[in-house]
Every structure is written in C-alpha cells, then in structure tokens.
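Numbering (our numbering), first residue to last: 838 to 1002.
What follows is a short report on a single structure.
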Amino acid sequence: MPQYIATDRPGLNMGPWRFVVAAVLISVGLFLAWPWIHIRLLMDTAPANLIEALVFPTGGGQARVESIYAWTVQEKDCRVSWSATRIGDGHLRPAADPVLPLAEAEALAERLRDAGGGRVYFRANDPAGTAFFIAAGAPGETRRHDIGLCLVVTGLLALLLRGRR
838 MPQYIATDRP
848 GLNMGPWRFV
858 VAAVLISVGL
868 FLAWPWIHIR
878 LLMDTAPANL
888 IEALVFPTGG
898 GQARVESIYA
908 WTVQEKDCRV
918 SWSATRIGDG
928 HLRPAADPVL
938 PLAEAEALAE
948 RLRDAGGGRV
958 YFRANDPAGT
968 AFFIAAGAPG
978 ETRRHDIGLC
988 LVVTGLLALL
998 LRGRR
C-alpha cells in the first residue's frame, strides 16, 4: 500500500510528469513545425509580387489557375530578378496548379490578384527551377508551424521552469 505524504504547499507538483509532458509538447510541436523548419534550413526566401493570375479552362466545367510571380535577389554586386509559375501548398511544398470548377477558379484568381504578393521560396543555386510561391491569403495557407513553434517553446519552458519547492 503506497503512502501519501501530505504537504502544506499549494499548487500542482508534477514531479517526473513534467518531463513526460514537456517531451510530448516538444515532439508534437516539432512534428507540426517541421515543414517550416525544413524550408528555413534548405531554402532562401524573398518577397514576391504577383504579376498575373491566369485561368485556363480544362473542359467539363473545370479550370486551372496559374500564377506568374517575380522576385528580386541581391547578388554580390547587382540585383537579379527572377520569375516563375509554380505555387506552394499549406505545408510549404511545391504543388500542382489547382484545378477547380470554373466559378471557383475565377474567384481564386481574383483573390490572388487582390493579395498582390506573398513569399517565394527557392534554392540559391537554382532559383528559377526550384522556386514556389505562397500567396498571402491563398487557400491551404496554414498556421500549423506557428502552433508547432509555440508548443516547442511551451515544452522547453516546462523543462526549464521548476515548480515550487
């Protein structure tokens, strides 16, 4: 039969559970934030301007939305402008152009035009070949990486901050 020791200190004393909770928070946070961490480690980023969002009918009442965007990169002694058409998804990966019903495609193109810009992610050794664009307010845009980073910080604080002793 376990013995319980009464304490007059108020508050929750988590003891070893603090490490378990912190490990779970950090693990889930890293899982959610991984796309952002991966993209920040491997790719460069720059603000981009949307040149045009085009709608191409594909038949059967469907249409493909293609965005053309441009960005400028500062090189050693000059500025170089690039343009590309590939878009990204909410997980910060290159994605295929969306194929939607015609009315939705027109609405999406209009929203992209209204947003006017966003961020472009690219590899420095091949900007035009690896670039993809995340428009401000694009469908699929997610804040899961923000939530993940908050969970990681919360888990680290749980490890660092001790309870009352």
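Quick reminder that beta carbons are idealized off the backbone N, C-alpha and C, glycines included.
None of the values given here were measured: they were computed from a predicted structure.
Setting aside the 5 residues that flank it on each side, V957 is surrounded in the same chain by A883, A885, W908, A968 and F970, each with a C-beta closer than 6 Å to its C-beta; the list follows chain order. The three-state reading of DSSP puts E889 in strand, counting E and B together. Taking the Cα positions, W873 is about 19 Å away from V861.
The Cβ atoms of I905 and S920 lie closer than 8 Å to each other.
The shortest CA-to-CA distance from H875 to any of E943, R930, D951 and L949 is the one to R930. Around the Cβ of A972, a 10 Å sphere holds 16 or more other Cβ atoms; the residue is buried. Pairing A890 with L937 gives a Cβ-Cβ distance that is not under 8 Å. Contact check for V990 against A946 fails: the beta carbons are separated by 8 Å or more. In this structure, G954 is the residue among F868, K913 and G954 with its C-alpha nearest to the C-alpha of I888. In the structure shown, the three-state DSSP call for D881 is strand.
In this structure, A870 lies near G985, with their beta-carbon atoms less than 8 Å apart.
T895 and P935 have their C-alpha atoms roughly 11 Å apart. If you compare the alpha carbons of L939, V910, A944 and F959 with that of R923, the shortest gap goes to F959. Within the model, the alpha-carbon separation for L878 versus P964 is close to 16 Å. In this structure, the straight-line span from the alpha carbon of A944 to that of A952 is close to 12 Å.
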